[in-house]
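Q: Can you read through this structure? Questions will come right after.
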Amino acid sequence: MIVVTGATGGLGGTTVEHLLKRIPADQIGISVRDTARAQHFADRGVRVRQGTYEDPAALRDSFAGAEQVLLVSGNDPDADMVGLHRNAVEAAVAAGARRILYTSQHGAVPGNPYPPSDIHIATEALLDDSGVPWTALRNGAYGPLDQVLGPWQRTGVIAQPQDGPVPYTDRADIAEATAVVLTGDRSFDGPVDLTAPNAVTFDDVAEIASALTGRPVERVVLDDEQWVADRIAIGVPEQMARLMLTWYQAARSGCFAEAGPLLAELLGREPRTAAERLAAHVAA
Ligand SMILES: NC(=O)c1ccc[n+]([C@@H]2O[C@H](COP(=O)([O-])OP(=O)(O)OC[C@H]3O[C@@H](n4cnc5c(N)ncnc54)[C@H](OP(=O)(O)O)[C@@H]3O)[C@@H](O)[C@H]2O)c1
236 MIVVTGATGG LGGTTVEHLL KRIPADQIGI SVRDTARAQH FADRGVRVRQ GTYEDPAALR
296 DSFAGAEQVL LVSGNDPDAD MVGLHRNAVE AAVAAGARRI LYTSQHGAVP GNPYPPSDIH
356 IATEALLDDS GVPWTALRNG AYGPLDQVLG PWQRTGVIAQ PQDGPVPYTD RADIAEATAV
416 VLTGDRSFDG PVDLTAPNAV TFDDVAEIAS ALTGRPVERV VLDDEQWVAD RIAIGVPEQM
476 ARLMLTWYQA ARSGCFAEAG PLLAELLGRE PRTAAERLAA HVAA
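Basically our numbering = 1-based index in the sequence shown + 235.
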């Protein structure tokens, strides 16, 4: 049995959809905070159990019988995420899992100024100490492109802080590849990068967007502090603006510059590029 956490979320849910195409439903379990939101999986024969990283006993129960457990990283900025991930790793070990997989982040290496990296580095260290074989899927940046580009479609300008090369990746591709890893013969020990094959900058994106829309899209680099002040002025909490700023700082430091070939290998096709995602967005 393969048990997946976070299956009521985007990445975990799509991973389960891909597992259902590859293995019988009775070999799939999910551990979710709210079982009512997983009825669509229960209806298709998936074992649905309640589990939250705050509750070790519930986790052990929801992981029971799992040969592999996929831990989807949590995302609460106010929680002790490393402590919660420790609960999850310990429960997977106690349940007798023979491999633990974890959704880490591309560029999760010491010196990356984007704080979630530290959570992933610490969780990978917990996995390494667990005594159980583990795989950290260091997933490329897959958030909505507008989240990092800003309202360029309305303004015709990508006015953001200095960025750097990033292999913007499609979450659905990562989910499919995760299901391939979980069900395949190949084992991956330790961290592996799952990213689109090419890293692009906002200068590249501006060119792509100009070609797609048929009107010039300009790239303007904003001063960091001015950008933070502008975010606060439109109601973004300062803490949130400063957290996001560290992402641009990480990108410009080259923390996300290296794209890897593994995602394409696992998919057996080219992953979706930033240009394709932009084209779909423009068409919509
Ligand atoms: N690589 C990237 O670009 C990128 C971007 C965004 C996020 N991430 C990371 O990757 C994770 C998955 O991404 P996503 O897009 O699938 O996010 P998502 O849709 O927000 O899903 C997160 C899942 O984690 C579950 N979760 C959160 N806290 C938990 C806890 N304490 N105990 C048990 N489950 C918990 C949530 O449960 P509920 O369904 O009950 O809320 C949800 O199902 C995120 O949580 C974040 O750590 C990576």
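For each residue, glycine too, the CB sits at the ideal point set by N, CA and C.
If you're wondering where the values come from, they're calculated on a predicted model, not measured in any experiment.
What does DSSP give as the partner residues of L429 in its beta bridges?
A: In DSSP, L429 forms a bridge with N374.
Q: Answer yes if the segment 310-317 comes into contact with the segment 250-258, meaning at least three C-beta pairs across the two stretches below 8 angstroms, and no otherwise.
A: The segment 250-258 vs the segment 310-317: no contact.
Q: Please name the residue in V452, T390 and A494 whose C-alpha comes closest to that of P400.
A: For the residues V452, T390 and A494, the minimum Cα distance to P400 belongs to A494.
Q: Is G495 near ligand 1 - that is, is its Cβ less than 8 angstroms away from at least one heavy atom of it?
A: The answer is no for G495.
Q: Check whether the segment 357-371 and the segment 482-494 are in contact - that is, three or more C-beta pairs closer than 8 angstroms.
A: Segments in contact, no.
Q: Closer than 7 angstroms by C-beta to D408: which residues in its own chain qualify, once you throw out the five before and the five after it? Chain order, please.
A: The answer, listed in chain order, is L498, L502, P506 and R507.
Q: For the putative contact between I393 and W369, defined by C-beta atoms under 8 angstroms, what is the C-beta separation to the nearest angstrom?
A: About 38 angstroms; that fails the 8 angstroms criterion.
Q: Straight-line CA distance for D296 to R279?
A: Roughly 21 angstroms separates the two Cα atoms.
Q: With respect to 8 angstroms, is the separation between the Cβ of N347 and the closest non-hydrogen atom of ligand 1 below this value?
A: False, no ligand heavy atom lies under 8 angstroms from that Cβ.
Q: Would you identify the three-state DSSP class for R321, choosing helix, strand or coil?
A: Three-state result, R321: helix.
Q: Sort G241, V517 and V471 by Cα distance to G391 and report the nearest one.
A: The shortest C-alpha separation from G391 is found at V517.
Q: Count the CB pairs spanning the segment 410-418 and the segment 465-484 that are closer than 8 angstroms, and state whether there are at least three.
A: No: fewer than three Cβ pairs fall under 8 angstroms.
Q: Should H516 be listed as close to ligand 1, given that the test is whether its C-beta is under 8 angstroms from any heavy atom?
A: H516 Cβ: outside cutoff for every heavy atom of ligand 1.
Q: If we call anything under 9 angstroms between Cβ atoms a contact, is I258 one with R284?
A: Cβ atoms of I258 and R284: not closer than 9 angstroms.
Q: In terms of DSSP beta bridges, what is T240 paired with?
A: In DSSP, T240 forms a bridge with S266.
Q: I'd like to confirm the pairing. Which residues does DSSP put opposite I393 in its beta bridges?
A: Answer is R454.
Q: Given 8 angstroms as the limit, tell me if A314 has its C-beta closer than that to any heavy atom belonging to ligand 1.
A: The answer is yes for A314.
Q: Just to confirm before moving on: does the CB-CB distance between S339 and H355 stay below 9 angstroms?
A: Against a cut-off of 9 angstroms, the Cβ pair of H355 and S339 comes out as a contact.
Q: Going by CA-CA distance only, name the one from N374, I467, R450 and V281 that's closest to Y403.
A: Selected option, being the one with the closest Cα: N374.
Q: Could you please give the first and the last residue of the uninterrupted beta strand (DSSP E) stretch that includes I258?
A: Note, I258: premise wrong, no beta strand (DSSP E); not H, not E.
Q: Helix, strand or coil, according to DSSP, for S445 in the structure here?
A: Reduced to three states, the DSSP call for S445 is helix.
Q: Can we count R487 as close to ligand 1, meaning its CB is less than 8 angstroms from some heavy atom?
A: Incorrect: R487 has no Cβ contact closer than 8 angstroms to ligand 1.
Q: Report buried or exposed for V455, applying the criterion of at least 16 other Cβ atoms within 10 angstroms of its Cβ.
A: By the neighbour-count rule (16 or more Cβ atoms within 10 Å), V455 is not buried but exposed.
Q: From what residue to what residue does the alpha helix (DSSP H) around R295 run?
A: It spans P291 to F298 - the alpha helix (DSSP H) in which R295 sits, taken as one unbroken run.
Q: If you drop the 5 nearest sequence neighbours on each side, which residues of the same chain put their C-beta closer than 8 angstroms to that of D438?
A: R454, listed in sequence order.
Q: Would S352 be called buried (16 or more neighbouring beta carbons within 10 Å of its own) or exposed?
A: Buried: at least 16 other Cβ atoms inside 10 Å.
Q: In this structure, how does DSSP classify V401 when only helix, strand and coil are distinguished?
A: Strand, per DSSP.
Q: Hey, quick one: how far does the beta strand (DSSP E) through S339 stretch, first residue to last?
A: Counting along the chain, the beta strand (DSSP E) containing S339 begins and ends at R334 to Q340.
Q: Got a sec, what are the start and stop residues for the alpha helix (DSSP H) R284 sits in?
A: Premise fails: R284 lies in the beta strand (DSSP E), R282 to Q285, not in any alpha helix (DSSP H).
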